[in-house]
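Sequence positions in the sequence shown follow mature numbering (1 follows the signal peptide of the UniProt record, and there is no 0) and run -26 to -1, 1 to 724.
Just so it is clear, CB atoms sit at the ideal spot from N, CA and C, and this is done for glycine as well.
Note that the structure is predicted; figures quoted are calculated from it, not measured.
Below: the structure, in structure tokens.
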Amino acid sequence: MAKLRKILIALLLLCSSIFSARVAFADTVDITVSNTSLSTNAINGGTSTEFSFDFAVPNSAKSGDTTVISLPDELNFQRNQTFNVYASDGTTVVATAVIDTTTKTLTLTYTDYVDTHDDVTGHLSMNVVVDRTVVTEATTVPATVTINGTTTITISSGGINYTVSTGDSDDIDFWKYGVSYSDDEVMYLINVNTSAATVSNVVISDTINSTGLEYVDGSFEIFEGTWYKNAQNYWALGGSTNVTSNYNIELSADNTSFSINLGTISKGYMIRYRVKANYTLINGEQLSNSATYYSENTALNNADNTFTYQGASGTASGYNYSLTVQKVNEAGEALAGAEFTVTRESTGQVVGTITTGSDGTATISGLLKDNYIITETKAPTGYAIADPVTAEADNSTVTVTDKKATVEVTGTKTWDDNNDQDGKRPDSITVNLLANGTVVDTKTVTADDNWTYAFSDLDQYDADGNEIAYTVSEEMVDGYTTVVDGYNITNTHASETTEVSGTKTWDDNDDQDGKRPDSITVNLLANGTVVDTKTVTADDNWSYSFTDLPKYDNGNEITYTVTEDTVADYTTTYDGYNITNSYTPGETSITVTKVWDDNNDQDGIRPDAIQVQLYANGEKSGDVITLTVADNWTYTWTGLAEKANKKTITYTVEEVSAVDGYTATVGEVENGNVTITNTHTPTTPETPSSDEPTTPSQSNKKSDKEQDKNIIAALLPSTGSRSGLGLTILGLVLVIALLAGLVYHKVKKA
């Protein structure tokens, strides 16, 4: 029995320890609140105000303990949110905070920081709105919070003066606004055409004005519907349809502006999208965004929006902080006249410039509680500009120390002696440094230093604040003249020089075949070794020269020659420094043949010769050629160039002599042949081929008398003819002769 009792006691102790551990883990911690503030005591509609306060955590708090902060029924948090609460160093997390708008609570859960630190403090700020489901008319709402459901903390004794919003103006037709979406994101809404007017060629453009922001990919939505006033007198889009797929959203390359062409509209539209920051937004930070409403490329309206990022946070918020710069020298003495730019580190935005006064300080205010880069742009006289420093704007002072301004004098010795051609260069030289004309230092310079030198850490200003003028000089070098250019020194020794020049000649019939390159490369050889090259082109008139060449090397005259890099399809010959490239271009021939279409010269009017002319690309080529029967009316031009200016030549032939009674037709040149046909239609009937006349049929025969009458009628002039008496007599003579012939013929037949 005693043994059993011991076992039961052990189990009870174990359960007790487990239960105690659980209770300890679930403890709630009451915090002490101080320095409460209210950003504004008057709000309306859905606008918000900010509660902020400092708090102290009791030393008894452990990791996992919680504190619940709740709002009165009339208020609520702006949105659900989770964030970290930091210690005074701004980096160490004291607790995590979770806002629940359903329960209207903010719950702090402490980290193990409270296990290792005493007197832990922090800061909270939260944006709250009036719960319009509870408060429906103008009233004063208590500005309080409750800690763990028991302790009520008054943020502002006067409470919050709430007025019911009058809603939107009836006349507004284009506007935009932003709302907090999530950490570091804002949702914007652009509202268009509440009047439902018909507007042509509508384009909506939008630009993010604040640095460090860009559009969220895939967040763009376009809705079409009918605008109406809701119960709170706000414009709302009724019967809306998502028409995003009907439109193209044109984004800029840097993702900070867009435009949408809506075309001709007669309904209402709402464009919704999100913007995100590429850094952590600070509560109370202002973001700028602008939109423009265009019709037919004319701006109808603009909508600018400055959105104040709001949400609970564990750090201080708003543009309520300053930063002071203290400028001193290395002795700790204040320096006036130092100029600085102040740049927000997270965005790269320059927020201001400051200049130190007689006490050596300069202050910039209206900053967010963030890190800023302090960059000195102008140092006080006699001092060097300090390196940039980074400081947090928390109403603190940062000290920037300037050092005395120093300079360095550096230079190079250049030898202009054709690489010591004559062997006169010394092993070293001496350079003097002068300050305002007085020698204050010297340097021995050698080839081991690459003939360079430097005088470092020199005072830029004298004791009176005047800038010191530094110059250099050189001890005389025999056989050389010296020129000082700034801090660089050139020593010149004149050596005897020569020149190689030549001309490129092209033997290729003026590049008929287009083989000639645009350039050639000429190599200069000194004693058989390539020492230089030249690219030679038509722009140089195919000539080249190598000038200022040393005539001697170690006292021996140099033999210069030239070569040319191979040119495809050409052969190269040299005549001294002149180069000829030869290429034989292609040739062709043209044969012309004269054809007579005149029934074998029936009328005997064919000429003994004709003249033809050859044309190349429409221009005369060579002399006029005479064709005769002795040449079989043909001629061949040979040795003709195939191309000119890299293009195939078009050859044609024309007959240049006029042949009476003929029409000339010139055929196309085919395979180097062309035919010219001269056509003549004979005027005399052909003689029958048979020796005996064909006996006409009886029905077609005419009597000899009828034939005689016809012949006589043909020979006699018609009545009314203007031929005159002479023709009449001639006609009678012919008639008599004809009659006599007929009589003779009949007698002979008989």
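Task: Gly460 versus Trp425 - alpha carbon distance - done: What you label residue 460 is simply residue 486 of the sequence shown in a count that begins at 1. What you label residue 425 is simply residue 451 of the sequence shown in a count that begins at 1. Distance between the alpha carbons of Gly460 and Trp425: 16 Å.
Task: Cβ pair residue 734, Leu98 closer than 8 Å - done: For residue 734 there is no data in the structure shown, the boundaries of the chain being -26 and 724.
Task: Residue closest to Gln486, alpha-carbon to alpha-carbon, out of Ala615, Ile599, Asn252 - done: In the sequence shown, residue 486 corresponds to position 512, counting from 1. With distances taken between Cα atoms, Gln486 lies closest to Ala615.
Open item on the list: Using C-beta distances below 7 Å, list every residue in its chain close to Thr537, excluding the 5 sequence neighbours before and after it, in chain order.
Closed with: Within the sequence shown, the letter at position 563 stands for residue 537. These residues qualify, in order along the chain: Asn497, Leu499.
TODO: Enumerate in chain order the residues of its own chain whose CB-to-CB distance from Gly488 is below 6 Å, with the five nearest sequence positions on each side excluded.
DONE: Counted from its first residue, the sequence shown places residue 488 at position 514. Here the set comprises Lys620.
Open item on the list: Applying the 10 Å Cβ sphere with the 16-neighbour rule, what's the burial state of Met450?
Closed with: Along the sequence shown, one-based indexing puts residue 450 at 476. Flag for Met450 reads exposed.
Task: beta strand (DSSP E) segment containing Thr418, residue limits - done: What you label residue 418 is simply residue 444 of the sequence shown in a count that begins at 1. Where Thr418 is concerned, the enclosing beta strand (DSSP E) stretches over 412 to 420.
Open item on the list: Excluding the 5 residues flanking Tyr518 on each side, which residues of the same chain have their C-beta closer than 7 Å to its C-beta?
Closed with: On the sequence shown, position 544 is the one that residue 518 refers to. Ser475, Gly476, Val496, Lys508, Val510.
Task: Contact set for Val648: own chain, Cβ-Cβ below 6 Å, skip 5 residues either direction - done: Position 674 of the sequence shown holds residue 648. Closer than 6 Å at Cβ, skipping near neighbours: Val566, Val627, Gly641.
- [ ] Could you round the C-beta distance between Lys78 and Ala277 to whole angstroms and report it? I think they count as a contact, below 8 Å.
- [x] As a working mapping, residue 78 is identified with position 104 in the sequence shown. As a working mapping, residue 277 is identified with position 303 in the sequence shown. Lys78 to Ala277, Cβ: 34 Å. No contact.
TODO: Name the one or two DSSP bridge partners that Gln587 has.
DONE: Taking the sequence shown and counting its residues from 1, the one referred to as residue 587 is at position 613. Its beta-bridge partners are Glu628.
Open item on the list: Would residue 725 and Thr371 be called neighbours here (beta carbons separated by less than 8 Å)?
Closed with: This structure cannot speak to residue 725, because the chain is shown only from -26 to 724.
Open item on the list: One question on the structure: do Phe27 and Val3 come within less than 8 Å of each other, judged by their Cβ atoms?
Closed with: To locate residue 27, count along the sequence shown from 1; it is residue 53. To locate residue 3, count along the sequence shown from 1; it is residue 29. Not a contact, by the Cβ cut-off of 8 Å.
Task: Anticipated Cβ contact below 8 Å, Gly306 with Ala251, distance rounded - done: As a position in the sequence shown, residue 306 is number 332, starting the count at 1. As a position in the sequence shown, residue 251 is number 277, starting the count at 1. Incorrect: roughly 40 Å between the Cβ atoms, too far for contact.
Open item on the list: If I follow the unbroken beta strand (DSSP E) through Tyr346, where does it start and stop?
Closed with: Stepping through the sequence shown from its first residue, residue 346 is reached at position 372. Residues 345 to 352.
Task: Beta-carbon spacing of Ser37, Glu24 below 8 Å - done: Working through the sequence shown from its first residue, we reach residue 37 at position 63. Working through the sequence shown from its first residue, we reach residue 24 at position 50. In this structure, Glu24 does not lie closer than 8 Å to Ser37 by Cβ.
TODO: Enumerate in chain order the residues of its own chain whose CB-to-CB distance from Thr70 is below 8 Å, with the five nearest sequence positions on each side excluded.
DONE: Numbered from 1 along the sequence shown, position 96 holds the residue referred to as residue 70. Closer than 8 Å at the Cβ level, and outside the excluded window around Thr70, lie Thr56, Phe57, Asn58, Val59, Leu82, Thr83, Thr85.
TODO: Determine contact between the stretch 331 to 345 and the stretch 380 to 395, defined as no fewer than three beta-carbon pairs at a distance below 8 Å.
DONE: no
Task: Inter-stretch contact (C-beta, 8 Å, three-pair minimum) for the stretch 246 to 260 and the stretch 165 to 174 - done: no
Task: Status (buried if at least 16 other CB within 10 Å, exposed otherwise) for Asp436 - done: The count along the sequence shown starts at 1 and reaches residue 436 at position 462. When all chains shown are included, Asp436 counts as exposed.
- [ ] Can you grab the Cα-Cα spacing for the pair Asp1 / Tyr221, in whole Å?
- [x] Locating residue 1 in the sequence shown gives position 27, where the first residue counts as 1. Locating residue 221 in the sequence shown gives position 247, where the first residue counts as 1. Taking the straight line joining both Cα atoms gives about 57 Å.
- [ ] Could you round the C-beta distance between Val104 and Val115 to whole angstroms and report it? I think they count as a contact, below 8 Å.
- [x] Locating residue 104 in the sequence shown gives position 130, where the first residue counts as 1. Locating residue 115 in the sequence shown gives position 141, where the first residue counts as 1. Rounded, the Cβ-Cβ distance is 6 Å, consistent with contact.
- [ ] Within 10 angstroms of the Cβ of Ser22, are there 16 or more other Cβ atoms? Answer buried if so, exposed if not.
- [x] Your numbering for residue 22 matches position 48 in the sequence shown. With 16 or more other Cβ atoms within 10 Å, it is buried.
Open item on the list: For Asn652 and Ala638, what's the separation of their Cα atoms in angstroms?
Closed with: Counting from one through the sequence shown, the residue named residue 652 turns up at place 678. Counting from one through the sequence shown, the residue named residue 638 turns up at place 664. Those two C-alpha atoms are separated by around 4 Å.
- [ ] Let me know the secondary structure DSSP gives Tyr87 once reduced to three states.
- [x] Indexing the sequence shown from 1 puts residue 87 at position 113. It is helical.
- [ ] Quick one: grab the DSSP three-state call for Ile73.
- [x] To locate residue 73, count along the sequence shown from 1; it is residue 99. Three-state DSSP puts Ile73 in a strand.
Task: Cα-Cα separation, Glu48 to Ile134 - done: Here the question's residue 48 lines up with position 74 in the sequence shown. Here the question's residue 134 lines up with position 160 in the sequence shown. Those two C-alpha atoms are separated by around 10 Å.
Open item on the list: When you compare the CB positions of Leu432 and Thr380, do they come within less than 8 Å of one another, or not?
Closed with: Stepping through the sequence shown from its first residue, residue 432 is reached at position 458. Stepping through the sequence shown from its first residue, residue 380 is reached at position 406. Their beta carbons are under 8 Å apart, which means Leu432 touches Thr380 by this criterion.
- [ ] Would you give the residue range spanned by the beta strand (DSSP E) that Val138 belongs to?
- [x] Numbered from 1 along the sequence shown, position 164 holds the residue referred to as residue 138. Unbroken run through Val138: none, as it is neither H nor E.
- [ ] Determine, using beta carbons only, whether Thr420 and Ser447 come nearer to each other than 8 Å.
- [x] Numbered from its first residue, the sequence shown carries residue 420 at position 446. Numbered from its first residue, the sequence shown carries residue 447 at position 473. No, the pair does not count as a contact, with Cβ atoms beyond the cut-off.
Open item on the list: If I follow the unbroken beta strand (DSSP E) through residue 725, where does it start and stop?
Closed with: Residue 725 is absent from the model: the chain starts at -26 and stops at 724.
Open item on the list: In the DSSP output, what is Met244 paired with across the bridge?
Closed with: Position 270 of the sequence shown, counted from the start, is the residue given in the question as residue 244. According to DSSP, which records beta bridges pairwise, Met244 is partnered with Asn165, Phe197.
- [ ] Please report the residue range of the beta strand (DSSP E) in which Met450 lies.
- [x] On the sequence shown, residue 450 is found 476 positions in, with the first residue counted as 1. Segment: none, Met450 is in no beta strand (DSSP E) and carries neither H nor E.
Open item on the list: Using only the alpha-carbon positions, how far apart do Tyr625 and Asn271 sit?
Closed with: The sequence position of residue 625 within the sequence shown is 651, counting from 1. The sequence position of residue 271 within the sequence shown is 297, counting from 1. Going from the Cα of Tyr625 to the Cα of Asn271 covers about 58 Å.
TODO: Leaving aside the five residues before and after Thr455 along the sequence, list all residues of the same chain whose C-beta is less than 6 Å from its C-beta, in chain order.
DONE: The residue you call residue 455 lines up with position 481 of the sequence shown. So the list reads Thr466, once near-sequence residues are dropped.
Task: Length at least 4, wholly inside the stretch 468 to 535: the alpha helix (DSSP H) runs in chain order - done: none
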